[in-house]
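Q: Numbered according to numbering that gives the first Met the number 0, the sequence shown spans residues 0 to 260. No residue lacks a Cβ here, since even glycine has one placed at the ideal position from N, Cα and C.
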Amino acid sequence: MISAISPLEVLGALAVGLALGLLGGGGSILTVPVFVYAVGLDPKAAVAASLPVVAFTSSAAAISHWRQGNVQVRTALIFGLVAAVGGFGGARLAAHISGAMQFSLLGIVMLAAAFRMLSGNVKESAVDGTNEPIPYAKLVPVALVVGVITGVVGIGGGFLILPTLVILCQLPMRIAVGTSLLVIAMNATSGAAGYAGQVPVDWSAVALFSVFAVTGSLLASRLSSRIPQAGLKKAFGVLLIVLAVVILVQNRHVFTSLLPL
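1) Please tell me whether T214 and L13 are closer than 8 Å, where the distance is taken between their beta carbons.
2) Do you know offhand how far C168's Cα is from L159's?
3) Quick check for students: name the residue ranges of the alpha helix (DSSP H) that lie wholly in the stretch 35 to 94, counting only runs of 4 or more.
4) Just reading off the alpha helix (DSSP H) that L22 is part of, what are its end residues?
5) Which whole-angstrom value is the C-beta distance of A60 and S216, which I expect to be below 8 Å?
6) Pick out the complete alpha helix (DSSP H) segments inside the stretch 117 to 182, 4 residues or longer, and give them in chain order.
7) I need the DSSP call for Q249, collapsed to helix, strand or coil.
8) What do you reckon, are the CB atoms on A82 and V145 nearer than 8 Å?
9) Compute the beta-carbon to beta-carbon distance between V176 and N69, rounded to the nearest angstrom, for a pair I have assumed lies under 8 Å.
10) S57 and G193 look like a contact to me (Cβ under 8 Å); what is the Cβ gap, rounded to whole Å?
11) Could you tell me the alpha carbon to alpha carbon distance between L7 and Q71, rounded to whole angstroms?
12) In angstroms with no decimal places, state the Cα-to-Cα distance between I28 and P42.
13) Along the chain, where does the alpha helix (DSSP H) that runs through P32 open and close?
14) Pop quiz: G88 and V147 are said to be a contact at Cβ under 8 Å. What is the actual Cβ separation, rounded to whole angstroms?
15) Please report the straight-line C-alpha distance between A93 and S103, rounded to a whole angstrom.
16) Among I62, A142 and L117, which residue has its Cα nearest to the Cα of I240?
17) Roughly how many whole angstroms lie between the Cα atoms of G85 and T188?
18) Please go through the same chain and pick out, in chain order, the residues whose beta-carbon is closer than 7 Å to the beta-carbon of A37, but skip the five residues on each side of it.
19) Quick check on S97: does DSSP put it in helix, strand or coil?
20) Tell me, to the nearest whole angstrom, how far the beta carbon of L17 is from that of F235; I am working on the premise that it is less than 8 Å.
21) Is it right to say K232 is buried, meaning 16 or more other beta carbons lie within 10 angstroms of its own, or is it exposed?
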């Protein structure tokens, strides 16, 4: 348990907020590594602590986007409610998974997120789907998968939510970003509830960490128009690969223990 926040933790929280604000939610994937390496929590406690931080920070960013008219509430509610079911279930499932395994799975998810970021930006749909029927048959399974991943490894799932909203729901990018933040907030809140009673969380430290993360996200809103998104995503993708390799190498025993003798 932690009772105060150090300068290194402040920098980590600001980095999470900056990345989340600049990348439309994908930056929340840094929260668990920051809690492990900067704060010193064990992986399972880091996952449990990261979810309320992601929920709080995403909520603040989503409110800002909603005020600008960049949130399609009906899509966010449907996607978010289904994902929330998966998030709660994933958190409960995590009770039967070791912290090392959760951290290793996060490393794999980080590699997947890095691949998407390095493969190029999601292109705008040729059709503005803001008034089109929601494709429930395709959206619901994706939302459940995103939710379970959130609950197990403690991320918002923005790198999966954003392309889903653009490709399946045909939302313009600016609306997809704002909508994804609201989905992440709902998803992470449910995941945090799923950990209640399973893993102790220092809520005062989480609240303080969240304040600095929100500060970073608000700063990001001022910087977003000045930073080239393509270069930013490629740099962030490289960072994710480096972190993922470190995580997987440090926890390689998790996978070797699964191999037959």
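A: Looking at the atomic coordinates:
1) For T214 and L13, yes; Cβs fall inside 8 Å.
2) Straight-line Cα distance between these residues: approximately 13 Å.
3) 42 to 66 and 72 to 92
4) P6 to L22
5) 5 Å
6) 135 to 152 and 157 to 166
7) Assigned with DSSP and collapsed to three states, Q249 falls in helix.
8) yes
9) 7 Å
10) Between G193 and S57 the Cβ distance is about 17 Å, and since that is not below 8 Å, they are no contact.
11) 37 Å
12) 14 Å
13) T30 to V33
14) 6 Å
15) 13 Å
16) Per the C-alpha coordinates, the member of I62, A142 and L117 positioned closest to I240 is L117.
17) 12 Å
18) L7, E8 and G11
19) coil
20) About 10 Å separates the two Cβ atoms, so there is no contact after all.
21) buried
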